[in-house]
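Enquirer:
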Amino acid sequence: MIDTHSHLFSEDFDNDINEVLQNAFDSGIKMILMPAIEPKTFDKVLKTAELDHRLYCSMGVHPHNSQEYNQEVEEMIISNLANPKVKAIGEIGLDYYYDFAPKDIQKEVFIQQIRLAKKFNYPIIVHNRESDIDLMQILRQEQSEKLTGVLHCFSGDTQMMQEAIEMGFNVSFTGNITFKKADDIREVVKNTPIEHIMLETDAPYMAPVPMRGKRNEPKYLIKVAEKIAEIKSLNINEVIKMTSNNAKKLFNLLSLTLFFVFTFLLTNSQLVYSQNEDTLDEEIIDEGNPYPKLFGIGFTAGLNTIVDTYLPEGQDISYDGLFTMGGSITSYPLDFLFLQATYLSWKNNKPYEDSKQFEKYLDPEKGQLYEFSFGLTPNPHSKMNFFVLSGISYYQRDYTQYDWITNTAGTKLYLKDNKIGILAGLGFIANIPIQGAGVFTINAEWRLNFLTEHTLLPVNPRLAPTDPNYTKETEFSTFFSIPRATILWYPPFSEWF
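Rendered as C-alpha coordinates:
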(Lines of atoms letter the chains of each structure in order from A and count residues from 1; the text may use other names and numbers.)
(Lines give C-alpha, C1' and ligand atoms only; values in the text may rest on other atoms or scores of the structure.)
Protein backbone atom coordinates (compact mmCIF):
# COMPACT_ATOMS: atom_id res chain seq x y z
CA MET A 1 0.00 0.00 0.00
CA ILE A 2 1.04 3.60 -0.56
CA ASP A 3 -0.22 6.36 1.71
CA THR A 4 -0.32 9.30 -0.70
CA HIS A 5 -1.23 11.94 1.88
CA SER A 6 0.05 11.91 5.47
CA HIS A 7 1.32 14.83 7.57
CA LEU A 8 3.90 12.94 9.61
CA PHE A 9 5.82 16.16 10.22
CA SER A 10 2.91 17.38 12.36
CA GLU A 11 3.68 18.02 16.02
CA ASP A 12 1.19 15.23 16.79
CA PHE A 13 3.99 12.80 15.88
CA ASP A 14 6.94 14.58 17.50
CA ASN A 15 7.16 12.18 20.44
CA ASP A 16 6.85 8.82 18.64
CA ILE A 17 7.60 9.29 14.94
CA ASN A 18 9.95 6.28 14.78
CA GLU A 19 7.33 4.01 16.34
CA VAL A 20 4.66 5.36 13.97
CA LEU A 21 6.89 4.64 10.97
CA GLN A 22 7.71 1.13 12.17
CA ASN A 23 4.04 0.36 12.72
CA ALA A 24 3.24 1.70 9.25
CA PHE A 25 5.83 -0.44 7.50
CA ASP A 26 4.88 -3.50 9.56
CA SER A 27 1.25 -3.04 8.43
CA GLY A 28 2.21 -3.27 4.75
CA ILE A 29 2.83 0.37 3.87
CA LYS A 30 5.52 0.56 1.17
CA MET A 31 5.74 4.32 0.68
CA ILE A 32 4.37 7.47 2.29
CA LEU A 33 4.08 10.93 0.72
CA MET A 34 3.89 13.98 2.98
CA PRO A 35 2.44 17.19 1.50
CA ALA A 36 3.78 20.45 2.90
CA ILE A 37 1.34 23.07 4.15
CA GLU A 38 3.14 26.25 5.16
CA PRO A 39 6.57 27.80 4.52
CA LYS A 40 7.71 27.68 8.15
CA THR A 41 7.54 23.86 8.16
CA PHE A 42 9.21 23.20 4.79
CA ASP A 43 12.50 22.30 6.50
CA LYS A 44 10.72 19.98 8.92
CA VAL A 45 8.94 18.23 6.06
CA LEU A 46 12.25 17.58 4.29
CA LYS A 47 13.95 16.49 7.52
CA THR A 48 11.14 14.01 8.20
CA ALA A 49 11.40 12.65 4.65
CA GLU A 50 15.08 11.88 5.28
CA LEU A 51 14.21 9.50 8.14
CA ASP A 52 13.58 6.59 5.74
CA HIS A 53 14.03 5.84 2.04
CA ARG A 54 10.29 5.03 1.82
CA LEU A 55 9.27 8.57 2.76
CA TYR A 56 8.65 11.28 0.15
CA CYS A 57 7.11 14.74 0.22
CA SER A 58 5.75 17.63 -1.79
CA MET A 59 6.22 21.40 -1.59
CA GLY A 60 3.36 23.90 -1.58
CA VAL A 61 1.27 26.38 0.38
CA HIS A 62 -2.16 25.33 1.70
CA PRO A 63 -5.09 27.73 1.04
CA HIS A 64 -5.29 28.44 4.78
CA ASN A 65 -1.78 29.93 4.52
CA SER A 66 -2.14 31.56 1.11
CA GLN A 67 -1.49 35.05 2.53
CA GLU A 68 2.05 33.87 3.34
CA TYR A 69 2.81 33.17 -0.32
CA ASN A 70 5.26 35.61 -1.92
CA GLN A 71 8.28 35.65 -4.24
CA GLU A 72 10.60 34.40 -1.51
CA VAL A 73 8.34 31.45 -0.71
CA GLU A 74 8.04 30.62 -4.40
CA GLU A 75 11.83 30.56 -4.70
CA MET A 76 11.98 28.25 -1.68
CA ILE A 77 9.59 25.84 -3.41
CA ILE A 78 11.59 25.95 -6.65
CA SER A 79 14.91 25.34 -4.90
CA ASN A 80 13.46 22.36 -3.00
CA LEU A 81 12.26 20.76 -6.24
CA ALA A 82 15.89 19.79 -6.85
CA ASN A 83 15.64 17.42 -3.89
CA PRO A 84 14.83 13.89 -5.20
CA LYS A 85 12.55 13.42 -2.18
CA VAL A 86 10.13 16.06 -3.54
CA LYS A 87 7.60 14.51 -5.90
CA ALA A 88 4.80 17.08 -6.31
CA ILE A 89 3.52 20.63 -5.76
CA GLY A 90 1.10 20.58 -2.87
CA GLU A 91 -0.94 20.74 -0.80
CA ILE A 92 -2.59 23.57 -2.76
CA GLY A 93 -6.17 24.53 -3.55
CA LEU A 94 -9.19 26.33 -2.11
CA ASP A 95 -10.98 26.15 1.26
CA TYR A 96 -14.17 28.17 1.74
CA TYR A 97 -15.24 26.36 4.93
CA TYR A 98 -12.91 28.42 7.12
CA ASP A 99 -12.26 32.12 6.72
CA PHE A 100 -8.48 31.94 7.16
CA ALA A 101 -7.70 33.75 3.88
CA PRO A 102 -9.75 35.87 1.44
CA LYS A 103 -11.12 33.92 -1.50
CA ASP A 104 -9.47 36.11 -4.13
CA ILE A 105 -6.04 35.56 -2.56
CA GLN A 106 -6.66 31.81 -2.32
CA LYS A 107 -7.53 31.65 -6.02
CA GLU A 108 -4.54 33.77 -7.06
CA VAL A 109 -2.07 31.65 -5.04
CA PHE A 110 -3.67 28.43 -6.29
CA ILE A 111 -3.21 29.54 -9.91
CA GLN A 112 0.39 30.65 -9.31
CA GLN A 113 1.31 27.25 -7.85
CA ILE A 114 -0.47 25.37 -10.66
CA ARG A 115 1.60 27.31 -13.19
CA LEU A 116 4.72 26.50 -11.18
CA ALA A 117 3.85 22.81 -11.42
CA LYS A 118 3.33 23.04 -15.18
CA LYS A 119 6.59 24.91 -15.65
CA PHE A 120 8.63 22.27 -13.83
CA ASN A 121 6.45 19.31 -14.89
CA TYR A 122 5.29 18.21 -11.42
CA PRO A 123 1.87 16.82 -10.44
CA ILE A 124 -0.26 18.80 -7.99
CA ILE A 125 -1.99 17.70 -4.79
CA VAL A 126 -5.29 19.57 -4.57
CA HIS A 127 -7.19 20.52 -1.40
CA ASN A 128 -10.87 21.38 -1.81
CA ARG A 129 -13.49 22.20 0.80
CA GLU A 130 -16.83 23.76 -0.14
CA SER A 131 -15.24 25.39 -3.21
CA ASP A 132 -16.21 22.96 -5.96
CA ILE A 133 -17.34 25.52 -8.55
CA ASP A 134 -14.34 27.86 -8.31
CA LEU A 135 -11.86 25.02 -8.01
CA MET A 136 -13.07 23.18 -11.11
CA GLN A 137 -13.26 26.44 -13.05
CA ILE A 138 -9.58 27.12 -12.27
CA LEU A 139 -8.55 23.57 -13.18
CA ARG A 140 -10.39 23.83 -16.51
CA GLN A 141 -8.80 27.21 -17.16
CA GLU A 142 -5.27 26.01 -16.37
CA GLN A 143 -5.55 22.52 -17.86
CA SER A 144 -2.87 21.48 -20.33
CA GLU A 145 -1.09 18.28 -21.25
CA LYS A 146 1.46 19.05 -18.51
CA LEU A 147 -1.06 19.37 -15.65
CA THR A 148 -1.70 16.19 -13.69
CA GLY A 149 -2.42 15.52 -10.06
CA VAL A 150 -4.82 14.24 -7.44
CA LEU A 151 -7.88 15.70 -5.74
CA HIS A 152 -7.13 14.52 -2.24
CA CYS A 153 -9.75 13.52 0.35
CA PHE A 154 -12.30 13.76 -2.44
CA SER A 155 -15.70 15.02 -1.30
CA GLY A 156 -17.37 16.10 -4.55
CA ASP A 157 -20.16 14.34 -6.42
CA THR A 158 -19.92 11.81 -9.24
CA GLN A 159 -20.15 14.45 -11.96
CA MET A 160 -17.21 16.36 -10.46
CA MET A 161 -15.21 13.13 -10.17
CA GLN A 162 -15.86 12.26 -13.82
CA GLU A 163 -14.83 15.72 -15.00
CA ALA A 164 -11.64 15.57 -12.91
CA ILE A 165 -10.71 12.21 -14.43
CA GLU A 166 -11.44 13.50 -17.95
CA MET A 167 -8.92 16.28 -17.26
CA GLY A 168 -6.29 13.69 -16.32
CA PHE A 169 -6.59 13.77 -12.52
CA ASN A 170 -6.82 10.99 -9.96
CA VAL A 171 -8.92 11.14 -6.81
CA SER A 172 -7.96 9.82 -3.39
CA PHE A 173 -10.18 8.72 -0.53
CA THR A 174 -9.50 8.63 3.17
CA GLY A 175 -11.14 7.41 6.38
CA ASN A 176 -14.26 9.49 5.80
CA ILE A 177 -15.63 6.77 3.48
CA THR A 178 -16.00 4.54 6.57
CA PHE A 179 -18.11 7.06 8.49
CA LYS A 180 -21.73 6.17 9.25
CA LYS A 181 -23.21 9.19 7.46
CA ALA A 182 -21.09 8.99 4.30
CA ASP A 183 -23.44 7.30 1.83
CA ASP A 184 -22.93 10.06 -0.76
CA ILE A 185 -19.16 9.72 -0.91
CA ARG A 186 -19.41 5.91 -0.90
CA GLU A 187 -21.60 6.20 -3.99
CA VAL A 188 -18.84 8.26 -5.62
CA VAL A 189 -16.29 5.57 -4.69
CA LYS A 190 -18.52 2.97 -6.32
CA ASN A 191 -18.63 4.97 -9.58
CA THR A 192 -14.92 5.86 -9.69
CA PRO A 193 -12.74 3.67 -11.96
CA ILE A 194 -10.15 1.84 -9.86
CA GLU A 195 -7.53 3.00 -12.39
CA HIS A 196 -7.93 6.55 -11.02
CA ILE A 197 -8.18 5.89 -7.25
CA MET A 198 -5.40 6.39 -4.71
CA LEU A 199 -5.33 5.70 -0.97
CA GLU A 200 -4.56 8.17 1.79
CA THR A 201 -4.93 8.64 5.54
CA ASP A 202 -4.55 12.45 5.80
CA ALA A 203 -2.96 11.63 9.16
CA PRO A 204 -3.24 12.82 11.88
CA TYR A 205 -6.82 13.65 10.75
CA MET A 206 -9.73 11.58 9.37
CA ALA A 207 -9.11 8.36 11.31
CA PRO A 208 -11.34 5.60 9.91
CA VAL A 209 -13.93 3.64 11.87
CA PRO A 210 -13.40 2.10 14.43
CA MET A 211 -10.52 4.50 15.27
CA ARG A 212 -12.57 7.62 14.53
CA GLY A 213 -11.84 10.37 17.04
CA LYS A 214 -8.30 9.13 17.67
CA ARG A 215 -5.07 10.29 16.08
CA ASN A 216 -4.88 8.88 12.57
CA GLU A 217 -1.76 7.00 11.42
CA PRO A 218 -0.57 5.37 8.18
CA LYS A 219 -1.04 1.91 9.74
CA TYR A 220 -4.81 2.49 9.51
CA LEU A 221 -4.67 2.82 5.71
CA ILE A 222 -5.74 -0.81 5.36
CA LYS A 223 -9.20 0.18 6.64
CA VAL A 224 -9.62 2.56 3.68
CA ALA A 225 -8.47 -0.13 1.23
CA GLU A 226 -10.85 -2.67 2.76
CA LYS A 227 -13.79 -0.27 2.50
CA ILE A 228 -13.06 0.48 -1.16
CA ALA A 229 -12.83 -3.26 -1.87
CA GLU A 230 -16.20 -3.76 -0.15
CA ILE A 231 -17.91 -0.87 -1.98
CA LYS A 232 -16.61 -1.89 -5.40
CA SER A 233 -16.90 -5.68 -4.82
CA LEU A 234 -13.22 -6.16 -5.54
CA ASN A 235 -10.52 -8.32 -4.00
CA ILE A 236 -8.51 -6.35 -1.42
CA ASN A 237 -5.25 -7.34 -3.14
CA GLU A 238 -6.50 -5.91 -6.42
CA VAL A 239 -7.36 -2.62 -4.72
CA ILE A 240 -3.91 -2.42 -3.12
CA LYS A 241 -2.14 -3.30 -6.37
CA MET A 242 -4.06 -0.86 -8.59
CA THR A 243 -3.97 2.08 -6.18
CA SER A 244 -0.25 1.55 -5.63
CA ASN A 245 0.40 1.48 -9.37
CA ASN A 246 -1.61 4.69 -9.76
CA ALA A 247 0.47 6.42 -7.09
CA LYS A 248 3.79 5.21 -8.52
CA LYS A 249 2.84 6.45 -11.97
CA LEU A 250 1.59 9.86 -10.84
CA PHE A 251 4.43 10.66 -8.46
CA ASN A 252 7.18 8.90 -10.46
CA LEU A 253 8.10 6.87 -7.39
CA LEU A 254 9.72 4.07 -9.38
CA SER A 255 12.48 6.28 -10.75
CA LEU A 256 13.27 7.53 -7.25
CA THR A 257 13.49 3.98 -5.93
CA LEU A 258 15.90 3.09 -8.72
CA PHE A 259 17.92 6.23 -7.94
CA PHE A 260 18.42 5.17 -4.33
CA VAL A 261 19.29 1.61 -5.34
CA PHE A 262 21.84 2.81 -7.86
CA THR A 263 23.32 5.31 -5.41
CA PHE A 264 23.65 2.58 -2.77
CA LEU A 265 25.29 0.15 -5.20
CA LEU A 266 27.65 2.75 -6.61
CA THR A 267 28.68 3.86 -3.14
CA ASN A 268 29.47 0.29 -2.13
CA SER A 269 31.36 -0.20 -5.37
CA GLN A 270 33.62 2.71 -4.53
CA LEU A 271 34.16 1.26 -1.05
CA VAL A 272 35.24 -2.06 -2.52
CA TYR A 273 37.54 -0.27 -4.91
CA SER A 274 39.12 1.92 -2.24
CA GLN A 275 39.67 -1.00 0.13
CA ASN A 276 41.65 -2.85 -2.54
CA GLU A 277 43.21 0.02 -4.46
CA ASP A 278 46.74 -0.58 -3.15
CA THR A 279 46.98 -4.12 -4.58
CA LEU A 280 44.62 -3.48 -7.49
CA ASP A 281 46.62 -0.59 -8.88
CA GLU A 282 49.69 -2.84 -9.18
CA GLU A 283 47.65 -5.52 -10.98
CA ILE A 284 46.33 -2.97 -13.45
CA ILE A 285 49.79 -1.57 -14.15
CA ASP A 286 51.40 -5.00 -14.53
CA GLU A 287 48.66 -7.06 -16.12
CA GLY A 288 45.99 -4.67 -17.38
CA ASN A 289 42.35 -5.33 -16.58
CA PRO A 290 42.15 -8.27 -14.11
CA TYR A 291 38.75 -9.17 -15.63
CA PRO A 292 39.24 -9.13 -19.43
CA LYS A 293 35.93 -9.60 -21.25
CA LEU A 294 36.18 -9.46 -25.04
CA PHE A 295 33.14 -11.50 -26.02
CA GLY A 296 30.53 -13.30 -23.87
CA ILE A 297 27.40 -15.37 -24.30
CA GLY A 298 24.82 -16.42 -21.73
CA PHE A 299 21.32 -17.02 -20.42
CA THR A 300 18.82 -14.36 -19.25
CA ALA A 301 15.69 -14.75 -17.12
CA GLY A 302 13.38 -12.21 -15.51
CA LEU A 303 9.86 -11.15 -14.57
CA ASN A 304 8.13 -8.87 -17.03
CA THR A 305 5.43 -6.33 -16.19
CA ILE A 306 3.51 -5.12 -19.24
CA VAL A 307 1.49 -1.89 -18.95
CA ASP A 308 -0.93 -1.08 -21.78
CA THR A 309 -2.46 2.41 -21.76
CA TYR A 310 -5.65 2.44 -23.79
CA LEU A 311 -6.41 5.61 -25.74
CA PRO A 312 -8.07 8.05 -25.63
CA GLU A 313 -9.41 7.15 -22.16
CA GLY A 314 -5.91 6.73 -20.70
CA GLN A 315 -6.89 3.54 -18.86
CA ASP A 316 -3.92 1.43 -17.73
CA ILE A 317 -4.02 -2.36 -17.71
CA SER A 318 -0.97 -4.12 -16.30
CA TYR A 319 0.12 -7.75 -16.34
CA ASP A 320 2.67 -8.54 -13.65
CA GLY A 321 5.13 -11.36 -13.09
CA LEU A 322 5.33 -12.83 -16.60
CA PHE A 323 8.24 -15.26 -16.58
CA THR A 324 10.60 -14.19 -19.35
CA MET A 325 13.68 -15.98 -20.64
CA GLY A 326 16.19 -15.75 -23.46
CA GLY A 327 19.84 -15.14 -24.16
CA SER A 328 22.41 -12.37 -24.39
CA ILE A 329 25.60 -11.71 -26.35
CA THR A 330 27.96 -9.09 -24.93
CA SER A 331 31.20 -7.52 -26.12
CA TYR A 332 33.58 -5.07 -24.42
CA PRO A 333 35.41 -3.00 -27.08
CA LEU A 334 36.69 -0.85 -24.18
CA ASP A 335 37.07 -1.64 -20.47
CA PHE A 336 34.33 0.81 -19.48
CA LEU A 337 32.02 0.29 -22.49
CA PHE A 338 30.02 -2.78 -23.47
CA LEU A 339 27.66 -3.59 -26.34
CA GLN A 340 24.89 -6.14 -25.88
CA ALA A 341 22.21 -7.92 -27.92
CA THR A 342 19.43 -9.72 -26.02
CA TYR A 343 16.50 -11.89 -27.05
CA LEU A 344 13.57 -12.48 -24.64
CA SER A 345 10.26 -14.30 -25.00
CA TRP A 346 7.19 -14.91 -22.82
CA LYS A 347 3.58 -16.04 -22.81
CA ASN A 348 0.76 -14.04 -21.25
CA ASN A 349 -2.29 -15.97 -20.02
CA LYS A 350 -3.36 -13.27 -17.59
CA PRO A 351 -6.01 -11.51 -19.76
CA TYR A 352 -7.98 -14.76 -19.81
CA GLU A 353 -7.31 -16.42 -16.46
CA ASP A 354 -10.33 -14.89 -14.75
CA SER A 355 -12.86 -16.28 -17.23
CA LYS A 356 -13.05 -19.97 -18.12
CA GLN A 357 -15.30 -19.19 -21.08
CA PHE A 358 -12.35 -17.46 -22.80
CA GLU A 359 -10.48 -20.77 -23.09
CA LYS A 360 -12.63 -22.01 -25.96
CA TYR A 361 -11.60 -19.26 -28.37
CA LEU A 362 -8.50 -17.48 -27.00
CA ASP A 363 -4.89 -18.68 -27.10
CA PRO A 364 -2.13 -17.22 -24.88
CA GLU A 365 -0.47 -14.07 -26.15
CA LYS A 366 3.13 -14.56 -27.21
CA GLY A 367 5.70 -11.80 -26.87
CA GLN A 368 9.24 -11.48 -28.18
CA LEU A 369 11.69 -8.67 -27.49
CA TYR A 370 15.00 -7.98 -29.25
CA GLU A 371 17.22 -5.45 -27.43
CA PHE A 372 20.36 -3.73 -28.71
CA SER A 373 22.06 -1.66 -26.04
CA PHE A 374 25.29 -0.07 -24.87
CA GLY A 375 26.39 0.34 -21.25
CA LEU A 376 28.93 2.28 -19.23
CA THR A 377 30.66 1.11 -16.04
CA PRO A 378 32.25 3.70 -13.71
CA ASN A 379 34.70 1.21 -12.17
CA PRO A 380 35.54 -1.54 -14.72
CA HIS A 381 38.55 -2.95 -12.84
CA SER A 382 36.71 -3.87 -9.65
CA LYS A 383 35.16 -7.23 -8.87
CA MET A 384 31.73 -5.58 -8.79
CA ASN A 385 30.96 -3.44 -11.84
CA PHE A 386 27.98 -1.10 -11.69
CA PHE A 387 26.51 0.19 -14.89
CA VAL A 388 23.87 2.22 -16.68
CA LEU A 389 22.69 1.41 -20.19
CA SER A 390 20.44 2.57 -22.99
CA GLY A 391 19.50 1.44 -26.46
CA ILE A 392 16.71 0.41 -28.80
CA SER A 393 14.39 -2.58 -28.89
CA TYR A 394 12.18 -4.39 -31.38
CA TYR A 395 8.99 -5.93 -30.02
CA GLN A 396 6.61 -8.49 -31.48
CA ARG A 397 3.32 -9.53 -29.85
CA ASP A 398 1.11 -12.27 -31.36
CA TYR A 399 -2.61 -12.65 -30.64
CA THR A 400 -4.60 -15.71 -31.81
CA GLN A 401 -8.39 -15.91 -31.65
CA TYR A 402 -11.25 -17.63 -33.41
CA ASP A 403 -12.53 -15.39 -36.17
CA TRP A 404 -15.80 -14.20 -34.72
CA ILE A 405 -15.75 -11.17 -37.00
CA THR A 406 -17.01 -13.35 -39.86
CA ASN A 407 -18.75 -15.74 -37.45
CA THR A 408 -16.58 -18.56 -38.78
CA ALA A 409 -16.26 -20.88 -35.83
CA GLY A 410 -12.99 -22.77 -35.80
CA THR A 411 -11.21 -20.33 -38.13
CA LYS A 412 -8.24 -18.63 -36.52
CA LEU A 413 -7.66 -14.88 -36.60
CA TYR A 414 -3.98 -13.99 -36.25
CA LEU A 415 -3.03 -10.49 -35.10
CA LYS A 416 0.57 -9.27 -34.94
CA ASP A 417 1.97 -6.15 -33.32
CA ASN A 418 5.54 -5.15 -34.28
CA LYS A 419 7.04 -1.99 -32.81
CA ILE A 420 10.34 -0.18 -32.17
CA GLY A 421 11.09 1.03 -28.64
CA ILE A 422 13.75 2.69 -26.52
CA LEU A 423 15.20 1.19 -23.36
CA ALA A 424 17.05 2.31 -20.25
CA GLY A 425 18.37 0.39 -17.28
CA LEU A 426 20.90 0.02 -14.49
CA GLY A 427 22.38 -2.80 -12.48
CA PHE A 428 25.55 -4.49 -11.30
CA ILE A 429 27.92 -7.20 -12.50
CA ALA A 430 29.78 -9.67 -10.31
CA ASN A 431 33.00 -10.92 -11.99
CA ILE A 432 34.08 -14.51 -11.26
CA PRO A 433 37.43 -15.33 -12.90
CA ILE A 434 38.28 -19.04 -13.25
CA GLN A 435 41.82 -20.04 -14.15
CA GLY A 436 41.94 -21.41 -17.70
CA ALA A 437 38.19 -20.97 -18.26
CA GLY A 438 37.90 -17.20 -18.59
CA VAL A 439 35.49 -14.96 -16.69
CA PHE A 440 31.93 -15.73 -15.63
CA THR A 441 29.66 -12.84 -14.66
CA ILE A 442 26.36 -12.61 -12.84
CA ASN A 443 24.37 -9.57 -13.94
CA ALA A 444 21.39 -8.24 -11.98
CA GLU A 445 19.56 -5.31 -13.51
CA TRP A 446 16.29 -3.52 -14.13
CA ARG A 447 15.32 -2.34 -17.60
CA LEU A 448 12.39 -0.27 -18.84
CA ASN A 449 11.27 -0.50 -22.46
CA PHE A 450 9.03 2.18 -23.95
CA LEU A 451 7.46 1.59 -27.37
CA THR A 452 7.75 4.68 -29.58
CA GLU A 453 4.58 3.92 -31.57
CA HIS A 454 0.99 3.25 -30.56
CA THR A 455 -0.60 -0.08 -31.40
CA LEU A 456 -3.74 0.00 -33.58
CA LEU A 457 -5.69 -3.26 -33.93
CA PRO A 458 -8.94 -3.95 -35.82
CA VAL A 459 -10.36 -5.69 -32.75
CA ASN A 460 -9.91 -5.42 -29.00
CA PRO A 461 -7.89 -8.50 -27.92
CA ARG A 462 -8.76 -7.78 -24.30
CA LEU A 463 -12.44 -8.58 -24.90
CA ALA A 464 -14.32 -11.75 -25.68
CA PRO A 465 -15.53 -11.95 -29.29
CA THR A 466 -19.09 -12.06 -27.90
CA ASP A 467 -18.62 -8.54 -26.49
CA PRO A 468 -20.27 -5.83 -28.66
CA ASN A 469 -17.07 -3.75 -28.43
CA TYR A 470 -14.88 -6.60 -29.67
CA THR A 471 -14.83 -5.33 -33.27
CA LYS A 472 -14.15 -1.74 -32.21
CA GLU A 473 -10.76 -0.51 -33.42
CA THR A 474 -8.38 -0.35 -30.46
CA GLU A 475 -5.37 1.93 -29.89
CA PHE A 476 -2.96 1.67 -26.97
CA SER A 477 0.63 2.44 -25.92
CA THR A 478 2.85 -0.04 -24.10
CA PHE A 479 5.89 -0.19 -21.84
CA PHE A 480 7.68 -3.04 -20.08
CA SER A 481 9.43 -3.19 -16.72
CA ILE A 482 11.77 -6.19 -16.56
CA PRO A 483 13.99 -6.95 -13.55
CA ARG A 484 16.29 -9.74 -14.72
CA ALA A 485 19.38 -11.81 -14.06
CA THR A 486 21.94 -12.88 -16.66
CA ILE A 487 24.80 -15.37 -16.43
CA LEU A 488 27.51 -14.75 -19.07
CA TRP A 489 30.67 -16.63 -19.98
CA TYR A 490 33.65 -14.79 -21.45
CA PRO A 491 36.13 -17.33 -22.89
CA PRO A 492 39.89 -16.59 -22.41
CA PHE A 493 40.62 -15.81 -26.08
CA SER A 494 43.97 -14.24 -25.18
CA GLU A 495 45.12 -17.58 -23.72
CA TRP A 496 43.69 -19.74 -26.51
CA PHE A 497 45.13 -17.81 -29.42
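Using our numbering, the final residue of the sequence shown is 499, and nothing's skipped along the way.
The beta-carbon is built from N, C-alpha and C at its ideal position, and this holds for glycine as well.
Around the Cβ of R142, are there at least 16 other Cβ atoms within 10 angstroms (buried) or fewer (exposed)?
Expert: Reading the sequence shown from its first residue, position 140 is the one you call residue 142. Classification for R142: exposed.
Enquirer: Report the residue ranges of all alpha helix (DSSP H) runs contained in full by the segment 28-59; include only those spanning at least 4 residues, in chain order.
Expert: For the segment 28-59, whole alpha helix (DSSP H) runs of length 4 or above, ordered along the chain, are 44-51.
Enquirer: DSSP on V309, reduced to helix/strand/coil?
Expert: Indexing the sequence shown from 1 puts residue 309 at position 307. Here V309 sits in strand by DSSP.
Enquirer: Any chance you could list the beta strand (DSSP E) runs of at least 3 consecutive residues sitting entirely within the segment 59-103, in chain order?
Expert: Here the runs fully enclosed are 88-97.
Enquirer: With a Cβ-Cβ cutoff of 9 Å, do S8 and E202 count as a contact?
Expert: Indexing the sequence shown from 1 puts residue 8 at position 6. Indexing the sequence shown from 1 puts residue 202 at position 200. Cβ atoms of S8 and E202: closer than 9 Å.
Enquirer: Give the C-beta separation of F44 and N82 to the nearest angstrom, bearing in mind that I take them to be a contact with Cβ-Cβ under 8 Å.
Expert: Reading the sequence shown from its first residue, position 42 is the one you call residue 44. Reading the sequence shown from its first residue, position 80 is the one you call residue 82. Their Cβ separation, rounded to whole angstroms, is 7 Å, which keeps F44 and N82 in contact under 8 Å.
Enquirer: Less than 7 Å between C-beta atoms, sequence neighbours within five positions excluded: which residues of the same chain meet that for S483?
Expert: Position 481 of the sequence shown holds residue 483. Around S483: T307 and L450.
Enquirer: Of all the options H383, L35, E77 and Y124, which has the alpha carbon lying nearest to the alpha carbon of L223?
Expert: Your numbering for residue 223 matches position 221 in the sequence shown. The residue with the shortest Cα to Cα distance from L223 is L35.
Enquirer: So the candidates are L428, I179, G177 and M169; which of them puts its Cα closest to the Cα of H198?
Expert: By 1-based counting over the sequence shown, the position of residue 198 is 196. Cα-wise, what sits closest to H198 is M169.
Enquirer: If you drop the 5 nearest sequence neighbours on each side, which residues of the same chain put their C-beta closer than 7 Å to that of H66?
Expert: Stepping through the sequence shown from its first residue, residue 66 is reached at position 64. D97, Y100, F102 and A103.
Enquirer: So what does DSSP say about T457, is it helix, strand or coil?
Expert: Position 455 of the sequence shown, counted from the start, is the residue given in the question as residue 457. Reduced to three states, the DSSP call for T457 is strand.
Enquirer: Distance check for I444 and N239, CA to CA, integer angstroms please.
Expert: For the purposes of this step, residue 239 is taken as the residue at position 237 of the sequence shown. For the purposes of this step, residue 444 is taken as the residue at position 442 of the sequence shown. The straight-line gap from Cα to Cα measures roughly 33 Å.
Enquirer: Could you tell me the alpha carbon to alpha carbon distance between E77 and D54, rounded to whole angstroms?
Expert: Locating residue 77 in the sequence shown gives position 75, where the first residue counts as 1. Locating residue 54 in the sequence shown gives position 52, where the first residue counts as 1. Straight-line Cα distance between these residues: approximately 26 Å.
Enquirer: Give a yes or no on contact between the segment 119-127 and the segment 175-194, applying the rule of three or more CB pairs nearer than 8 Å.
Expert: As far as the Cβ criterion goes, the segment 119-127 does not touch the segment 175-194, which means the pair count is below three.
Enquirer: Pick from L425, F495 and P494: whose alpha carbon is nearest that of T1?
Expert: Within the shown structure, residues of the chain are numbered from 3 to 499, placing residue 1 beyond reach of any answer.
Enquirer: For H198, name the three-state secondary structure that DSSP assigns.
Expert: In the sequence shown, the residue the question calls residue 198 occupies position 196. Helix, per DSSP.
Enquirer: At the level of alpha carbons, what is the spacing between I79 and S375?
Expert: As a working mapping, residue 79 is identified with position 77 in the sequence shown. As a working mapping, residue 375 is identified with position 373 in the sequence shown. One C-alpha to the other measures close to 38 Å.
Enquirer: Using the beta-carbon count (16 or more within 10 Å), is N172 buried or exposed?
Expert: Here the question's residue 172 lines up with position 170 in the sequence shown. Label assigned to N172: buried.
Enquirer: Assuming R131 is part of the beta strand (DSSP E), what are its boundary residues?
Expert: Against the sequence shown, residue 131 aligns to sequence position 129. Looking at the DSSP string, the run of the beta strand (DSSP E) that includes R131 is I126 to R131.
Enquirer: Does DSSP put M327 in a helix, in a strand, or in coil?
Expert: Along the sequence shown, read from residue 1 onward, the residue named residue 327 stands at position 325. In the structure shown, M327 sits in a strand (DSSP, three-state: E or B).
Enquirer: Assign Y110 to one of three DSSP states: helix, strand, or coil.
Expert: As a position in the sequence shown, residue 110 is number 108, starting the count at 1. Note on identity: in this sequence residue 110 is Glu, with Tyr being the wrong assignment. Residue state, collapsed to three classes: helix.
Enquirer: Would L10 be called buried (16 or more neighbouring beta carbons within 10 Å of its own) or exposed?
Expert: Within the sequence shown, numbered from 1, the residue matching residue 10 stands at position 8. Buried, since its Cβ has 16 or more Cβ neighbours within 10 Å.
Enquirer: Might you give, ordered along the chain, the residues of its own chain that have their beta carbon closer than 8 Å to the beta carbon of G215, omitting 5 neighbours on each side?
Expert: Within the sequence shown, numbered from 1, the residue matching residue 215 stands at position 213. Cβ neighbours of G215 beyond the five flanking positions: A209.
Enquirer: What residues match up with K421 in a beta bridge as DSSP calls it?
Expert: For this step, residue 421 is matched to residue 419 along the sequence shown. Answer by DSSP bridge pairing, in chain order: Y397.
Enquirer: In angstroms with no decimal places, state the Cα-to-Cα distance between G151 and I126.
Expert: The residue labelled residue 151 in the question sits at position 149 within the sequence shown. The residue labelled residue 126 in the question sits at position 124 within the sequence shown. The alpha-carbon atoms of G151 and I126 are separated by roughly 4 Å.
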